[in-house]
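Residue numbers (the working numbering), protein chains in the order written: chain D, 737 to 860; chain Y, 6 to 122. Glycine included, every Cβ here is placed at the ideal spot set by N, Cα and C.
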């Protein structure tokens, strides 16, 4: 059992939901989140700043700005981890910085509250 | 690779984020949470508040940077002096793998440069 945490663009949520469903993952939850990454710079902004536009320079100066994101968390069986990761990447990839991250964490156990089932059954 | 989740006071979030940036951990995800600790919330007069707003900062970093990261957060998130109840918690969990969506590349501990989550 693994926990897959994906931080994605907010306008990609619908595609991501659809993709997860297609992948056989019906259960997940999502958070509103704000985040920043390695701090890639938009080439257009950089170009603008080098041409002396003050607005562009101001944007460049905003290091550490947090951008709105969505955080999707799903607990999936080991066998489906690679499928889920690939699906999320393929769906969300535009190739531009800011597409997000996918993390895979180990999960010790899970319990379904309704029935008390544990382990693989609880997420089946 | 490890994931560090720090629950801190909302008013300390900006300070901690700036400190993390300076310390070389630019990549952070922040979200709002509500919770209580072992003091069972806070009692003001007759009213007990047990859903206290906090901010959760999530970062995935190299295991080697763990102590430095924790020290950075701890220094800034702690209330001046000896600290106070409600300053928060830091949780650390292992991460199996991490992928950058834009490039589709799996991050490894070896490619640590700029990984800082």
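| Asked | Found |
| --- | --- |
| Residue 117 (chain Y) to residue 64 (chain Y) span [Cα, whole Å] | Note on residue 117 (chain Y): pLDDT 46, under 50, position unreliable in the model; the coordinate value appears next. Looking at the two C-alpha atoms, the distance is approximately 14 angstroms. |
| Helix, strand or coil at residue 812 (chain D) according to DSSP, with G and I counted as helix | strand |
| Helix, strand or coil at residue 756 (chain D) according to DSSP, with G and I counted as helix | helix |
| Secondary structure of residue 31 (chain Y), DSSP reduced to three states | coil |
| Below-9 angstroms beta-carbon distance, residue 35 (chain Y) vs any chain D residue | yes |
| C-beta contact flag for residue 743 (chain D) and residue 805 (chain D) at 9 angstroms | yes |
| Partner residues on chain Y for residue 765 (chain D), Cβ-Cβ distance less than 7 angstroms | Within chain Y, no residue comes near residue 765 (chain D); the closest Cβ sits about 12 angstroms away, beyond 7 angstroms. |
| Start and end residues, alpha helix (DSSP H) containing residue 90 (chain Y) | Per DSSP, residue 90 (chain Y) belongs to no alpha helix (DSSP H) and is neither H nor E. |
| Endpoints, alpha helix (DSSP H) assigned at residue 743 (chain D) | Careful: residue 743 (chain D) lies outside any alpha helix (DSSP H), inside the beta strand (DSSP E) at 738–744. |
| Positions along the region 88–113 of chain Y whose CB lies within less than 7 angstroms of some CB in chain D | 98, 99, 100, 101, 102, 103, 104, 105, 106, 107, 109 |
| Near-chain D residues of the region 7–34 of chain Y (beta-carbon distance less than 8 angstroms), N- to C-terminal order | 8, 22, 23, 26, 31, 32, 33, 34 |
| Three-state secondary structure (DSSP) of residue 853 (chain D) | coil |
| Closest Cα partner of residue 773 (chain D) within the set Y:53, Y:30, Y:72, Y:58 | Y:30 |
| Rounded separation between residue 765 (chain D) and residue 781 (chain D) - CA only | 35 angstroms |
| Validate contact between the region 746–761 of chain D and the region 16–28 of chain Y using beta carbons, cut 8 angstroms, 3 pairs | no |
| Chain Y contact residues for residue 830 (chain D), given Cβ-Cβ distances below 9 angstroms | 106, 107 |
| CB-CB length for residue 6 (chain Y) against residue 103 (chain Y), believed under 8 angstroms | 6 angstroms |
| Between the CA atoms of residue 67 (chain Y) and residue 830 (chain D) - distance to the nearest angstrom | 26 angstroms |
| Residue 47 (chain Y) beta carbon less than 9 angstroms from that of residue 91 (chain Y) | yes |
| Contact residues within the region 49–76 of chain Y, judged by C-beta distance below 7 angstroms to chain D | 65 |
| Between the CA atoms of residue 860 (chain D) and residue 120 (chain Y) - distance to the nearest angstrom | Since pLDDT at residue 120 (chain Y) reaches only 45, below the 50 mark, its modelled position is unreliable, and no value is offered. |
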